[in-house]
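Protein chains: 2
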Amino acid sequence: MDENSAIAMPAAPEAPAPCAHAHGRGGIPDSVCAACRVRSVSVCSALEPDELRDLAAIADDVQFAQRTEIVSEGEAVNTIYNITEGTVRTYRLLPDGRRQIFGFLMAGDFLGLSLPETYGFSADAITPVRTCRFTRSRFEAFLESKPRLLRRLHDAAGHEIALAQDHMVLLGRRTAEEKVAGFLVGLRDRLQRIGGGAVMIPLPMTREDIADHLGLTIETVSRIFTKLVRQRALIIVPGGVRLLGAEALDRLAEG
Amino acid sequence: MDENSAIAMPAAPEAPAPCAHAHGRGGIPDSVCAACRVRSVSVCSALEPDELRDLAAIADDVQFAQRTEIVSEGEAVNTIYNITEGTVRTYRLLPDGRRQIFGFLMAGDFLGLSLPETYGFSADAITPVRTCRFTRSRFEAFLESKPRLLRRLHDAAGHEIALAQDHMVLLGRRTAEEKVAGFLVGLRDRLQRIGGGAVMIPLPMTREDIADHLGLTIETVSRIFTKLVRQRALIIVPGGVRLLGAEALDRLAEG
DNA sequence: CGAAGGATTGATCACGATCAATCGCGGTGG
DNA sequence: CCACCGCGATTGATCGTGATCAATCCTTCG
Chain Z
0 MDENSAIAMP
10 AAPEAPAPCA
20 HAHGRGGIPD
30 SVCAACRVRS
40 VSVCSALEPD
50 ELRDLAAIAD
60 DVQFAQRTEI
70 VSEGEAVNTI
80 YNITEGTVRT
90 YRLLPDGRRQ
100 IFGFLMAGDF
110 LGLSLPETYG
120 FSADAITPVR
130 TCRFTRSRFE
140 AFLESKPRLL
150 RRLHDAAGHE
160 IALAQDHMVL
170 LGRRTAEEKV
180 AGFLVGLRDR
190 LQRIGGGAVM
200 IPLPMTREDI
210 ADHLGLTIET
220 VSRIFTKLVR
230 QRALIIVPGG
240 VRLLGAEALD
250 RLAEG
Chain B
0 MDENSAIAMP
10 AAPEAPAPCA
20 HAHGRGGIPD
30 SVCAACRVRS
40 VSVCSALEPD
50 ELRDLAAIAD
60 DVQFAQRTEI
70 VSEGEAVNTI
80 YNITEGTVRT
90 YRLLPDGRRQ
100 IFGFLMAGDF
110 LGLSLPETYG
120 FSADAITPVR
130 TCRFTRSRFE
140 AFLESKPRLL
150 RRLHDAAGHE
160 IALAQDHMVL
170 LGRRTAEEKV
180 AGFLVGLRDR
190 LQRIGGGAVM
200 IPLPMTREDI
210 ADHLGLTIET
220 VSRIFTKLVR
230 QRALIIVPGG
240 VRLLGAEALD
250 RLAEG
C-alpha cells in the first residue's frame, strides 16, 4: 500500500515510514528548500536563496501514513507543517459525532500558519502525506528576523479567511447540487494552480468526507454525483471524476 | 434618530455626520489613540505610548450613518477601518439575491485586517457607526517599521480564522435551534469580553440579518425565538433579548 | 471465494422553507 | 387626536429538499 507514495520527490531517500511521526533527520542537504517542488506555491516563495538555506536548516522532512492523525484539536501548537505531498483533512468533531470538515490541504498548504496557542481542529492524512515540519520555537525565531516572511504568512492567512468566507456562503446559502458542483469547481481551480490538469479530478477522500465538508449526507452526495453523470457534466472514474463540459459545472456552481 | 449615537466617546467633538464618508480632520489631538476606549481590546494594544502617537497621526475619525455602506465587495482595499462604536454587518450577495452574513463587527473589530487586494465582502452600518480610518498606504508604511504590530495583526487574523471555523460548524452541522442558541451565546461572550453585561443582549440587527447569518429564514428564526421564550430561556425586550438561565442556552448551543 | 467497507439506489420521513395572514409599533398627515 | 400607512415580527398552513432507514452493488483484500 505504499507504492503510491512515489510521485516524485525532492530529497531524503529514506523509505516511507509505516507509522506516523516519523524521523526526518536534521542533516537534510541544504538544497531541500531550493529544490522543493511546492516552494513556488507556498509561503516560502517570499525568501531569497540564502534565506532558504537557513530555513532548510530548521526544517525536518516528516511523513505520515494514510489514516494517521497529524494534529489533534486542542493540542498545543508546538510544531507546524507545510504539506509537500498527499492530502490532509482538517475537521472538528461534535460530542455526538457530527463532523465538519473545514478543508482538504494539499501540496503547498500550511498547517498552523496562524500560529495560535492551540489547534482549533484535528487533521489527519487521507493519503500518505509528506510534510516539511518546523518546531514552533525555531520557526518563530526565524520569523523574528524575516518580516517579509511574516507578511507572506499574513497574506496566506488572508487567503484562508477568503476561502473560509466562500465556504460559509456555500454552507449557508447553497443547494445540495450547487454545493457539490462548487466543490468540484473549487478543487479543479486549485489543482490547476498547483499545476494539474483541469479535467481529471482525483478524489482521495470518501463520499462521507465530501458530505461532512459540504454539510450534506453521504447519500445526497452520491445522488448528486449520479445526477451530474446523467447530465453529462462528468463521468466517475476510479479514484476521482473526469469533468466533461467545463461550463456545465460552472453554471451549476453559479456565477 | 441620532440621539442614540451618544454612548460616550473619546475625543473629536464634531456632530455625527448625516451621510457616509464623512470628514474626520487630520488635526486630531495626539491623545486620541491613548484615550481610545476600544484600544485594550483592539490590535493597537500591541503599541507603546509613543507608537500610539505616531498611529494617531495617521488615523482619521470617520462616521457612518445607519444603513449606509462602508465597503463594497470587489472594491480595492485603499482604506481600512477599526470600529470604535456601533455595529457593522459583513456579507456577500449571490446574483439571485441570496445573502450570507459573515459576521457583525463591533467596537474593537478591524475591517480589512488581512490587507488583501480587494474586499471579498460588502459591509454596512446597522447602527450609526464610528470608525478609526487609515489609508492603506500609510498604514502599511507604519507597519513596515513595527513588526510587533504586524504580528498582532496576524494573531487577529488567526482569531478571525478560528471564528470562521466555528461558524462553518454551525452552518454545516447544527440544527436551527442550536444555531440560534449558539448565536446568542457567542454574542453574550463577545459582549462580556468588550465589557458588557451577560443578560441583556442588544440585537441591533433585524431577524432577517440573523437568518442570513445562520443560514435560516426569518420565519424560522422568529419561531425559535418564541420557542426559547416558552422554554424560559430568555425574554424578548425592545431592541434585544434578556437571557434568563445562562446554562439553558449553553446546553442548547451544545458543550 | 467470502468478508468488509465504500458507494449507489430506493422508500419514507421530517426539518426548515415557502406562502400567506395578522399583529404591533412608529411615523405621517388629515 | 386619530386614521392610515409601512415595515418588521409573529403565527399558521402546507410544501419540498435533503435526511433517514434500508437494501443491494461493487471493489478490494484476505
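Same order as they appear, the protein sequences are chains Z and B. When you number the first sequence by numbering that gives the first Met the number 0, it's gap-free, plus one each residue, and the end is 254. When you number the second sequence by numbering that gives the first Met the number 0, it's gap-free, plus one each residue, and the end is 254. For every residue, glycine included, the Cβ atom is placed at its ideal position computed from N, Cα and C.
Practice task
Determine the closest residue to Z:Leu-114 out of B:Leu-186, B:Gly-157, B:Thr-225 and B:Ala-34, with distance taken between C-alpha atoms.
Solution key: B:Gly-157
Problem - Candidates Z:Gln-99, Z:Ala-55, Z:Thr-117 and Z:Asp-188: closest to Z:Phe-138 by CA position - result: Z:Ala-55
Practice task
Determine the extent of the beta strand (DSSP E) in which Z:Cys-131 is found, giving its start and end residues.
Solution key: 128-134
Problem - Rounded separation between B:Asp-49 and Z:Glu-47 - CA only - result: 34 Å
Problem - Interface flag, B:Gly-171 vs chain Z, CB-CB below 8 Å - result: yes
Handout entry: Nearest-angstrom Cα separation, counted from B:Ala-175 out to Z:Gly-196
Key = 40 Å
Handout entry: Within 7 Å of chain Z by C-beta, residues of the segment 162-194 of chain B in sequence order
Key = Ala-163, Gln-164, His-166, Met-167, Val-168, Leu-170, Gly-171 and Arg-172
Problem - 7 Å Cβ cut-off: residues of chain Z touching B:Ile-160 - result: Ser-113, Ala-156, Glu-159, Ile-160 and Ala-163
Exercise for the section: Can you grab the Cα-Cα spacing for the pair B:Met-199 / Z:Gln-191, in whole Å? Expected result: 50 Å
Handout entry: Interface flag, Z:Asp-133 vs chain B, CB-CB below 8 Å
Key = It is worth fixing the name first, because residue 133 of chain Z is Phe in this sequence and not Asp. By this cut-off, Z:Phe-133 is not an interface position.
Exercise for the section: Specify, as a first and last residue, the run of the beta strand (DSSP E) that Z:Leu-104 falls within. Expected result: 98-104
Exercise for the section: Kindly say whether B:Phe-141, judged by its beta-carbon, lies nearer than 8 Å to any beta-carbon of chain Z. Expected result: no
Practice task
Measure the beta-carbon distance from Z:Arg-129 to Z:Gln-62 and round it to whole angstroms, keeping in mind my assumption that it falls under 8 Å.
Solution key: 5 Å
Exercise for the section: Classify B:Gly-239 as helix, strand or coil using the three-state DSSP reduction. Expected result: strand
Exercise for the section: Using a Cβ-Cβ cut-off of 8 Å, state whether B:Arg-137 counts as contacting chain Z. Expected result: no
Exercise for the section: Starting from Z:Ser-113, follow the alpha helix (DSSP H) in both directions and report where the run begins and ends. Expected result: Per DSSP, Z:Ser-113 belongs to no alpha helix (DSSP H) and is neither H nor E.
Problem - Contact set between B:Leu-149 and chain Z, taken where Cβ atoms lie within less than 9 Å - result: Pro-146, Leu-149, Arg-150 and His-153
Handout entry: Reference Z:Met-105; option with closest CA among Z:Pro-201, Z:Val-220 and Z:Leu-227
Key = Z:Pro-201
Exercise for the section: Rank B:Ile-223, B:Arg-151, B:Leu-142 and B:Phe-109 by C-alpha distance to the C-alpha of B:Ile-69 and give the top, closest one. Expected result: B:Phe-109
Exercise for the section: Keeping to the same chain, check which residues put their C-beta closer than 7 Å to that of Z:Ile-223; ignore five residues upstream and five downstream. Expected result: Ala-175, Glu-176 and Val-179
Handout entry: 8 Å contact criterion, which B:Tyr-90 and B:Arg-98 should meet: CB distance rounded
Key = 5 Å
Exercise for the section: Determine the extent of the alpha helix (DSSP H) in which Z:Pro-146 is found, giving its start and end residues. Expected result: 146-172
Exercise for the section: Drop a sphere of 10 angstroms on the beta-carbon of B:Glu-84, count the other beta-carbons inside from all chains shown, and report buried for 16 or more, exposed for fewer. Expected result: buried
Problem - DSSP-derived helix/strand/coil call for B:Glu-68 - result: strand
Practice task
Could you run through the segment 117-132 of chain Z and flag, in chain order, every residue whose CB is less than 8 Å away from some CB of chain B?
Solution key: Gly-119 and Phe-120
Handout entry: Span separating the alpha-carbon of Z:Thr-126 from that of Z:Ile-100
Key = 16 Å
Exercise for the section: With DSSP as the reference, label B:Phe-63 as helix, strand or coil. Expected result: strand
Exercise for the section: Let me know the secondary structure DSSP gives Z:Gln-192 once reduced to three states. Expected result: For the sequence presented, residue 192 of chain Z should be read as Arg rather than Gln. Helix.
Practice task
Would you verify that the beta carbon of Z:Glu-246 is, or is not, closer than 8 Å to some beta carbon of chain B?
Solution key: no
Exercise for the section: Please state whether DSSP places B:Pro-48 in a helix, a strand or coil. Expected result: helix
Problem - Per-residue burial, Z:Gly-194 [other beta carbons within 10 Å of its own, 16 or more giving buried] - result: exposed
Problem - Per DSSP, cross-strand counterpart(s) of B:Arg-88 - result: B:Phe-103 and B:Asp-123
Exercise for the section: Compare the C-beta of Z:Pro-237 with all C-beta atoms of chain B and state if any pair is closer than 8 Å. Expected result: no
Problem - Extent of the continuous alpha helix (DSSP H) to which Z:Ile-223 belongs - result: 217-229
Handout entry: Candidates Z:Leu-213, Z:Gln-164, Z:Thr-205 and Z:Leu-112: closest to Z:Gly-238 by CA position
Key = Z:Thr-205
Practice task
Taking all protein chains shown into account, decide if B:Thr-78 is buried (16 or more other Cβ within 10 angstroms of its Cβ) or exposed.
Solution key: buried
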